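Numbering (the numbering used here), first residue to last: 1135 to 1235.
Yeah, the Cβ is synthetic: ideal placement off N, Cα and C, and Gly gets one too.
Given the structure is predicted, the values throughout are model-derived calculations rather than measurements.
Notes to accompany the following structure.
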């Protein structure tokens, strides 16, 4: 299982139409085949200046690769991510249960 996560800060003002448009477009990524447990969260800790986080899981590396290369994901990056996100951090995790002891 791979958990794909990204935290980010948008250029737009909190509660703005641009923010809502971005979040709605991001939510559409959940429809790409292979995406499981898709969530968008608002970040609340003063220790982090990113304001949102998105996470999703994939059963296999092949499903993750399919998502990454899917046209809807590529379109989202070009039409929304590159123009709207000010800063981000991406991380992908696999459970330690899959690592030999």
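Here the C-alpha atom of residue 1152 lies approximately 25 angstroms from the C-alpha atom of residue 1181. Cβ-Cβ distances below 8 angstroms link residue 1177 to 1141, 1184, 1185, 1186 and 1187 in the same chain, with the five nearest sequence neighbours on each side left out; the list follows chain order. Relative to residue 1190, the option among 1209, 1210, 1208 and 1168 whose CA is nearest is 1168. Boundaries of the beta strand (DSSP E) harbouring residue 1223: 1219-1228, taken from the DSSP string. Between residue 1166 and residue 1206 the beta-carbon gap is near 6 angstroms, inside 8 angstroms, which marks them as a contact. Here the alpha carbons of residue 1230 and residue 1143 stand approximately 29 angstroms from one another. Residue 1136 places its beta carbon less than 8 angstroms from that of residue 1228. A direct Cα-Cα distance of roughly 13 angstroms separates residue 1192 from residue 1163. For residue 1210 against residue 1160, the beta-carbon gap comes to about 7 angstroms, under 8 angstroms, which counts as contact. Secondary structure of residue 1204 (DSSP, three-state): coil.
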